[in-house]
Amino acid sequence: MQEALARLRSTTMSRKRKGVRMEIGTCRINVLKESSGVNASFFGYEAPHLHAFAEHDHLKLSHGPENELDFGLSLISNDGGNDIPRETNSHGVCDVERSGGTNAEDLEIRMDLSDDLLHLIFSFLCQKDLCRAGAACKQWQSASMHEDFWKYLKFENTRISLQNFVNICHRYQNVTNLNLSGVLSAESLVIEAITFLRHLKTLIMGKGQLGETFFQALAECPLLNTLTVSDASLGSGIQEVTVNHDGLHELQIVKCRALRVSIRCHQLRILSLRRTGMAHVSLNCPQLLELDFQSCHKLSDTAIRQAATACPLLASLDMSSCSCVTDETLREIANACQNLSVLDASNCPNISFESVKLPMLVDLRLSSCEGITSASMGAVCFSRILEALQLDNCSLLTSVSLDLPHLKNISLVHLRKFADLNLRSPVLSYIKVSRCSALRCVTITSNALKKLVLQKQESLCNLSLQCHNLIDVDLSDCESLTNEICKVLSDGGGCPMLRSLILDNCESLSVVELNNSSLVNLSLAGCRSMTFLKLACPKLQVVILDGCDHLERASFCPVGLESLNLGICPKLSVLRIEAPNMSILELKGCGVLSEASINCPCLISLDASFCRQFMDDSLSQTAEACPLIEHLILSSCLSIDVRGLSSLHCLQKLALLDLSYTFLMNLKPVFDSCLQLKVLKLSACKYLSDSSLEPLYREGALPMLVELDLSYSSIGQTAIEELLACCTNLVNVNLNGCTNLHELVCGSDYCRSGDMPIDAFPPDSAPDKTKEIRESSDCQLEVLSCTGCPNIKKVVIPSTANYLNLSKINLNLSANLKEVDLKCSNLYNLNLSNCNSLEILKLDCPRLANLQLLACTMLQEDELKSALSFCGALEILNVHSCPQINTLDFGRLQAVCPTLKRIQSSPIA
2 MQEALARLRS TTMSRKRKGV RMEIGTCRIN VLKESSGVNA SFFGYEAPHL
52 HAFAEHDHLK LSHGPENELD FGLSLISNDG GNDIPRETNS HGVCDVERSG
102 GTNAEDLEIR MDLSDDLLHL IFSFLCQKDL CRAGAACKQW QSASMHEDFW
152 KYLKFENTRI SLQNFVNICH RYQNVTNLNL SGVLSAESLV IEAITFLRHL
202 KTLIMGKGQL GETFFQALAE CPLLNTLTVS DASLGSGIQE VTVNHDGLHE
252 LQIVKCRALR VSIRCHQLRI LSLRRTGMAH VSLNCPQLLE LDFQSCHKLS
302 DTAIRQAATA CPLLASLDMS SCSCVTDETL REIANACQNL SVLDASNCPN
352 ISFESVKLPM LVDLRLSSCE GITSASMGAV CFSRILEALQ LDNCSLLTSV
402 SLDLPHLKNI SLVHLRKFAD LNLRSPVLSY IKVSRCSALR CVTITSNALK
452 KLVLQKQESL CNLSLQCHNL IDVDLSDCES LTNEICKVLS DGGGCPMLRS
502 LILDNCESLS VVELNNSSLV NLSLAGCRSM TFLKLACPKL QVVILDGCDH
552 LERASFCPVG LESLNLGICP KLSVLRIEAP NMSILELKGC GVLSEASINC
602 PCLISLDASF CRQFMDDSLS QTAEACPLIE HLILSSCLSI DVRGLSSLHC
652 LQKLALLDLS YTFLMNLKPV FDSCLQLKVL KLSACKYLSD SSLEPLYREG
702 ALPMLVELDL SYSSIGQTAI EELLACCTNL VNVNLNGCTN LHELVCGSDY
752 CRSGDMPIDA FPPDSAPDKT KEIRESSDCQ LEVLSCTGCP NIKKVVIPST
802 ANYLNLSKIN LNLSANLKEV DLKCSNLYNL NLSNCNSLEI LKLDCPRLAN
852 LQLLACTMLQ EDELKSALSF CGALEILNVH SCPQINTLDF GRLQAVCPTL
902 KRIQSSPIA
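Numbering of the sequence shown is given in my numbering, commencing with residue 2 and proceeding in unit increments.
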């Protein structure tokens, strides 16, 4: 209905633009009382001015249970031509009209709907909705009664009286389609109205009893060409029925009950007796093309034979689940029906299909036929134009060898003894092989096959393919496949167009060598026995090696990969890569990788973390062959030394270098070569001394450095203070776990301009030098992390330190920290959690919003209040497990700091 209204609006606007004046239909809509017991209602909606049809009839639908609506025509008056409103109209008008308060004309509504637009809208309505719409006004009633809407009468599962049905058929004698499925006494309805159904073409009946009289009456419908009867009892008394109609083309008798069925229809083309429980059938249908006996369990072998052989033009026969059918019947049918092209004999245990010759057969289905064996394939090969073959669940079938030039589809599912498959067909495009646990050998020749799936064929060990258009191959879980499969799938093996190959969980593969110029995607996940991998696939873009735990040697030369993750191969010792498009390489976790040749000119990121045997020679060769590397992670590469770091001069774009957990003592090659370095990570470098970092804070090395990580290193107090004082370009500094850090007092170092007299410079250069020092003293530090520094006792950052950008300080788990004095104008987040010794807290941080004091057991409440008085923007305060702070009354804290929104605490023990 919404779609119809949308079309209406579109049409209306178009007509207005063209200046066409629309016809205006006037409709009077009266407000009626609802009455569920009034027969003259349309599903509960009364029609005050519902006039008669041409014969003074009107549609009537009465209330009733769902799917049991009385639907039809009810006579009003047949003695005059004047429209007589129903008696209920006098009670349907509003009370205000009778009282004189409102004129009836006020209820009149004018609608801009011409007849053609109304016809368009009503064409989208079903018959029940048409009846409801016809109750609105005369114009709508007239439109809803148009003959176009009543050519197809659908009364499925609807209660309708005999008289109403006859009146409808009398009113609409051009009905072409009639559906009475589920209608009570449908037989009587058709017999009584048969004289008005001479234009009927399609009739659908279902349920109930249909006697001989019904089928005889159908002769009154000369145009009837389709009859469907389902779930009904046929015949009367002895349950014998005869269908005799010269114009019938299609007859469906489905799931019916009868003793004997006789069909004499000379023009019949299609006949279905599916699931009909009959013992005898007689056919006189010389033009029959399609015959369906599926699941007719009571039919004997002789009955099926006689019925089928009586139809010489038969092209399609379905006798699946007819357990009594034998090979003799098939042979006689083959002799009598020379044009048979479709045969379904599934679930027929008594047939072996031997000596059955059907030269015109196109589609053959023999699923679940226990008598089918390898000897049956000789008869199948006789059908030279066969296109589709189904052999599922044939438990005795051991091999299939077919050379059929027109075979396109074949299905082989759940064949317990099936061991050998040999198919040759230039047009073969679909093969389904599943749950054939004994299958060992597969040979396929086809020019049309594009996808081959042979999943979970546990015994498959020999595969031969000559498929020049094959694109996708899935051999997942074929546990017995040997290394010879690689020759089949490489160039020259018969699959020149192969793009996707899946060999997941093929646990017998130990050496995989693929040389394929077309392969794009390769998956070897779960190949746990594979120790050697060699790929020469220049178009390869994706390779999956998850679960290849025993891979020792790998070569990717050449490949088109853009990224590669080999960190899941812990035993990889030798690696060779030639990938002109690769930008990301991950070797993280390849602990025994000792020899690596990486030639990737576009490589940007290399992660060799925990490659403990990654040697200087490998690093040097990689740096020379991959000059565009920006991120180099060598964490825990214990074999890297100064000689390897010297090669970093080749990496002119290096921005991130991670040397954490190494034994390095000299960083001079890094300071000399990596001038563009922005991030340097030296976490847990235990052998680094203070002098190792002197070029940073005394010589201005690494001028672009913004992040420095010295966590858990042995750097001393003096070196840390000088770094913070002189390396003003640093934005993020991590000093977590530094045991030599005892106090952090910023702003007093000699590098600060405030402590350096101007007179120390020559008079002619003093102003310029002062300006230079002042500019350099503007520290860029934003994040300072000193988590877990066990010996730090004091942190002081005065305003003179010029830490104008410092926004976050983390001193968590500094157990001996006693004093914190911070004057940072832009500090936003301060974490002092688990600082058990903290006693002095002085804060002058006007922008501080988050203060974490979890488990600061020594901090007094007065000290906290004093600190909060200078934090005018604080919103979050965590004092959980702080016993010196009263958690029952936070009004005093909020009085000191009114901006507090959330306080995290715990009750006092």
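Just so you know, even glycine gets a beta-carbon here, dropped at the ideal spot from N, CA and C.
Beta carbon of residue i nearer than 8 Å to that of residue j
| i | j | result |
| --- | --- | --- |
| L331 | V363 | no |
| L739 | I721 | Reading the sequence as shown, one finds Cys at residue 739 and not Leu. Their beta carbons are under 8 Å apart, which means C739 touches I721 by this criterion. |
| L392 | S412 | yes |
| C496 | L471 | yes |
| S273 | D293 | yes |
| E631 | N600 | no |
| D302 | C325 | yes |
| V474 | L502 | yes |
| L805 | V821 | no |
| V880 | L842 | no |
| L466 | V434 | no |
| L201 | L235 | no |
| L689 | M666 | yes |
| S714 | C686 | yes |
| M378 | V401 | yes |
| N517 | S491 | yes |
| W151 | V176 | yes |
| L681 | L703 | yes |
| S481 | E459 | yes |
| C468 | L450 | yes |
| I386 | H407 | yes |
Beta-ladder partner(s) of residue i, from DSSP
| i | result |
| --- | --- |
| T243 | S263 |
| H632 | S606, L657 |
| M206 | L181, V230 |
| D404 | R425 |
| C323 | BP columns for C323 are empty, so no partner. |
| D618 | According to DSSP, which records beta bridges pairwise, D618 is partnered with nothing at all. |
| S375 | For S375, which the question treats as bridged, DSSP gives no partner whatsoever. |
| K488 | For K488, which the question treats as bridged, DSSP gives no partner whatsoever. |
| I192 | BP columns for I192 are empty, so no partner. |
| S273 | Q253, D293 |
| G278 | R258 |
| D925 | Since the first residue shown for the chain is 2 and the last is 910, residue 925 is missing from the structure and cannot be characterised. |
| F197 | Beta-bridge pairing links F197 to no other residue. |
| V796 | L745, V821 |
| T444 | N423, S465 |
| A597 | L576 |
Same chain, Cβ closer than 8 Å to residue i, five either side skipped, listed in chain order
| i | result |
| --- | --- |
| E596 | S574, V575, L576, M616, S619 |
| V242 | L211, G212, E213, F216, L235, G236, A259, R261, V262, S263 |
| S511 | N484, S530, M531, T532, F533 |
Same chain, Cβ closer than 7 Å to residue i, five either side skipped, listed in chain order
| i | result |
| --- | --- |
| A874 | P847, R848, L849, A850, T900 |
| L649 | A624, L655, P670, V671, S674, C675 |
| L541 | L520, V521, L523, V560, G561, L562 |
| G102 | Only weak support is given to the placement of G102: the predicted model assigns it a pLDDT of 41, under 50, and the value that follows is read from those uncertain coordinates. None. |
| E862 | Q885, I886, N887 |
| F197 | C170, H171, Q174 |
Neighbourhood of residue i by C-beta, 6 Å cutoff - its chain only, sequence neighbours within 5 removed
| i | result |
| --- | --- |
| S384 | L359, L362 |
| N837 | A816, T858 |
| C790 | C739, L742, S815 |
| C266 | H246, L249, C286 |
| D232 | G207, K208, K256 |
| N830 | K809, N851 |
| L745 | V796 |
| N1 | The shown model of the chain, from 2 to 910, leaves out residue 1, and the question about it has no answer. |
| A55 | The predicted position of A55 is uncertain, since its pLDDT is 34 and thus under 50; a value taken from the coordinates is nonetheless stated next. Cβ neighbours of A55 beyond the five flanking positions: none. |
| G421 | Note that residue 421 is Asp in the sequence shown, not Gly. S400, C442, listed in sequence order. |
Start-end ranges of the beta strand (DSSP E) lying completely within the segment 661-739, minimum 3 residues
680-682, 708-710, 733-735
State whether the segment 174-188 contacts the segment 148-159, with contact taken as three or more CB pairs (one from each stretch) at a distance under 8 Å.
yes
Tell me the start and end of each unbroken alpha helix (DSSP H) in the segment 486-558 that is at least 4 residues and wholly inside, in chain order.
486-490
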